[in-house]
Amino acid sequence: VVLDVHGGAWCDRDRRAGSRYDAALAAAGFSVVAIDFRCGPDYQHPAASDDVNVAAHWARLRAERLTGDSDRIISVGSSSGGHLALLAALTTHVIDGHSVEICVDGKWEKPESIDGRVSGVAALWAPVDPFTRYKYAQSLTTDLGIRLVTNTEAYFGSEETMADASISRVLTKERSTQLPTVWFARAGNDENVPPEMVDELAETYRQAGGTFTLKHYADVPHGFGHFETAETQRFLDDLRCWLIETVES
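Residue numbers are given in UniProt numbering: position 83 of the sequence shown equals residue 83, and the series is strictly consecutive.
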């Protein structure tokens with residue numbers, strides 16, 4: 001089961017945003033679940049990543065009841081959704097199941113605990129350090145910079161909270177025992193995500209003992225997988241191959 005976590009700078013868009021690659025993955029034989037979740041400005045961190053964890057638990061229940069196999073859950077997150085997918089995968093222990101209700105087969109259930117584990121995370125052009133990206137966005141004198149600053153403030157509320165949600169910080173300070181394999185798609189002309197941020201996470205993740213594959217797609221902008229570019233088909237092929245390898249490993 002592929003769990004699609006949409007982007008939108010933690011505040012915008014909905015589950016339909018990834019329809020291009022969701023359709024391609026479904027055509028390749030994957031069960032794809034595109035989710036909505038609580039976003040800013042109406043909700044603040046960690047509401048969204050908590051919802052992603054609960055969605056992974058729901059997908060696990062559905063997979064077990066339909067196929068008898070509940071272990072092959074993989075999340076795919078675009079932009080801020082990639083950050084949320086990674087954060088959720090590394091903090092599966094934080095939610096009390098008694099505070100959650102899940103609808104399965106038309107019936108509402110209160111699970112004893114939430115099992116948000118995933119086998120892998122495909123992070124697509126993701127801002128993996130909200131604080132660093134926030135400071136970068138403040139340096140931009142463009143509408144993009146204004147949007148990124150506004151949305152980041154709306155969801156995280158403070159610079160301290162932004163820094164706390166850094167994936168590298170979670171890896172080094174909380175020392176998660178759950179390290180799913182990660183596949184990262186980087187856009188060569190990404191004006192949203194500084195490349196140094198991704199390089200740092202790749203090194204930190206590998207030092208922590210995790211598998212981190214970084215794929216670079218030259219001369220394409222942030223979010224290129226949502227529309228037709230010279231690299232879109234190669235990206236889709238690479239993503240599909242990685243998913244197959246991860247499922248079969």
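All residues carry an ideal CB built from backbone N, CA and C; glycine is no exception. In this text, all values refer to a predicted model and were calculated from it rather than measured experimentally.
By the three-class DSSP mapping on this structure, what secondary structure does residue i have?
i: His194; result: First, the amino acid is wrong: residue 194 is Pro here, not His. Coil.
i: His45; result: coil
i: Pro130; result: helix
i: Ser249; result: coil
i: Ala34; result: strand
i: Arg186; result: strand
i: Gly81; result: helix
i: Ser99; result: helix
i: Ile167; result: helix
i: Thr181; result: strand
i: Phe224; result: helix
i: Ala230; result: coil
i: Ile28; result: Note that residue 28 is Ala in the sequence shown here, rather than Ile. Correct three-state label for Ala28: coil.
i: Thr213; result: strand
i: Gly145; result: helix
i: Trp125; result: coil
i: Ser75; result: strand
i: Trp108; result: strand
i: Asp51; result: helix
i: Asp12; result: coil
i: Ala218; result: strand
i: Asp237; result: helix
i: Leu140; result: coil
i: Asp115; result: coil
i: Gly120; result: strand
i: Asp69; result: coil
Inspect the beta-carbon positions of residue i and residue j and report whether they are closer than 8 Å.
i: Ala154; j: Pro41; result: yes
i: Phe30; j: Asp51; result: no
i: Ile35; j: Thr246; result: no
i: Gly225; j: Leu124; result: yes
i: Arg72; j: Ser119; result: yes
i: Val121; j: Val182; result: yes
i: Leu87; j: Val170; result: yes
i: Met162; j: Thr177; result: no
For residue i and residue j, which I take to be in contact (beta-carbon distance under 8 Å), what is that distance rounded to the nearest angstrom?
i: Pro194; j: Tyr136; result: 5 Å
i: Glu101; j: Lys107; result: No, Glu101 and Lys107 are not in contact; Cβ-Cβ is about 10 Å, not under 8 Å.
i: Ile146; j: Val54; result: Rounded, the Cβ-Cβ distance is 32 Å, inconsistent with contact.
i: Ala48; j: Gly82; result: Not really, about 12 Å apart at Cβ, beyond 8 Å.
i: Thr91; j: Met197; result: Contact doesn't hold; Cβ gap of about 19 Å is too wide.
i: Phe184; j: Thr229; result: With 8 Å as the limit, Phe184 and Thr229 do not qualify as a contact, their Cβ atoms being about 18 Å apart.
Going by alpha carbons, who is nearest to residue i out of the options?
i: Gly188; options: Phe227, Ile74, Gln207 and Glu231; result: Glu231
i: Ala89; options: Arg175, Glu160 and Ile146; result: Arg175
i: Ala28; options: Val128, Glu248 and Cys241; result: Cys241
i: Leu3; options: Cys11, Cys39, Ala85 and Ala48; result: Ala85
i: Gly210; options: Ser168, Ala55, Arg13 and Ala163; result: Ser168
i: Leu61; options: Asp14, Asp219 and Gly116; result: Gly116
i: Asp190; options: Glu159, Trp183, Gly223 and Ala208; result: Gly223
i: Asp22; options: Asp12, Val1 and Cys39; result: Val1
i: Asp237; options: Asn151, Tyr43 and Lys215; result: Lys215
i: Ser158; options: Gln44, Ser19, Ala26 and Ala218; result: Gln44
i: Asp129; options: Asp164, Gln138 and Ala185; result: Asp164
i: Cys103; options: His57, Ser166 and Thr67; result: His57
i: Arg186; options: Pro180, Asp199, Thr177 and Gln178; result: Asp199
i: Thr172; options: Arg15, Thr213 and Gln207; result: Gln207
i: Cys39; options: Asp14, Asp69 and Gln178; result: Asp14
i: Gln138; options: Tyr217, Thr177, Ala59 and Asn192; result: Asn192
Could you tell me whether the segment 200-210 touches the segment 135-151, where touching means 3 or more Cβ pairs closer than 8 Å? no
Does the pairing of the segment 5-19 with the segment 63-78 give three or more beta-carbon distances under 8 Å? yes
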